[in-house]
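Here our numbering is used: the first residue of the sequence shown is 19, the next is one more, and so on.
Quick reminder that beta carbons are idealized off the backbone N, C-alpha and C, glycines included.
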Amino acid sequence: MRKEIPASSGGFTLVELMIVCAAITIVAVISIPNVIEARKSSNESTAIAALRTIASAQAMFREGDKDGDGLDYADNLADLGTYGLVDPPLASGTRNGYDFSIAAADGWTWSANADPAVRSKTGDRSFFIDETGVIRFNTSAPAGPADPEIGL
Numbered sequence: 019m020r021k022e023i024p025a026s027s028g029g030f031t032l033v034e035l036m037i038v039c040a041a042i043t044i045v046a047v048i049s050i051p052n053v054i055e056a057r058k059s060s061n062e063s064t065a066i067a068a069l070r071t072i073a074s075a076q077a078m079f080r081e082g083d084k085d086g087d088g089l090d091y092a093d094n095l096a097d098l099g100t101y102g103l104v105d106p107p108l109a110s111g112t113r114n115g116y117d118f119s120i121a122a123a124d125g126w127t128w129s130a131n132a133d134p135a136v137r138s139k140t141g142d143r144s145f146f147i148d149e150t151g152v153i154r155f156n157t158s159a160p161a162g163p164a165d166p167e168i169g170l
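Written out as structure tokens, the structure is:
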């Protein structure tokens, strides 16, 4: 004797599956840009924190005369990393989607830039700090001394 399978066997119809796929697509289209913006915002916050770390490291480098040649600032991030004042990723010059660099004009002044590795993808703003400790930003070009100040 042959058994019949009931009409409603608990599976999904093609229409139900298409509705679920459409709903998932709508949620993805709405949420992906927000996730990207949140990531860029996180990268920018990390860049600002890294610049503050660089400022503190430069002060410790100078006041501790880490290189033993008088009270001067480090010429590059690698020097700060060598003496353990910044972590290895920051000492390499790249961290969380930003590229970092130090320019030491002389023994009494220095500046550091944080620029997005890929503008509009990893970040929208470039940041700048110098021995004054004031962080500045620029939205259209790499950061530098003439940028507007922000209260960060």
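Anticipated Cβ contact below 8 Å, residue i with residue j, distance rounded
i    : j    : result
L95  : F118 : 6 Å
R143 : E62  : 6 Å
Spatially closest choice to residue i from the options, by CA coordinates
i    : options                : result
R57  : R137, T150, E149       : R137
D93  : A122, I147, S129, D142 : A122
G88  : T140, D124, F155       : D124
L69  : T157, S158, G151       : G151
T140 : S49, A65, G82, T31     : A65
S158 : D133, W128, V38, I147  : D133
A77  : T127, N131, F145       : T127
T112 : P51, A135, C39         : A135
Y116 : A46, D90, F145         : F145
S59  : R154, I153, N114       : N114
DSSP three-state assignment for residue i, whether helix, strand or coil
i    : result
S49  : helix
A135 : coil
beta-carbon residue i near the ligand GDP non-hydrogen atom, thresh 7 Å
i   : result
F79 : The ligand GDP is not part of the structure shown, which contains no ligands of any sort.
Neighbourhood of residue i by C-beta distance below 8 Å, restricted to the same chain and skipping five residues each side
i   : result
E34 : none
G99 : D105, P106, L108, A109, S110
I72 : L95, L98, V104, L108, F118, I120, A130, I147
Residues near residue i in its chain [Cβ-Cβ closer than 6 Å; skip 5 each side]
i    : result
L108 : A68
A75  : L98, L103, V104
Y101 : K84
S129 : A121, D148
Cutoff 7 Å; reference residue i; Cβ partners in own chain excluding five residues on either side
i    : result
I42  : none
L172 : Since the displayed the chain opens at 19 and closes at 170, residue 172 lies outside it and no answer follows.
* Asked: Which full runs of the alpha helix (DSSP H) of 4+ residues lie inside the region 36 to 118, going along the chain?
  -> 95 to 100, 106 to 110
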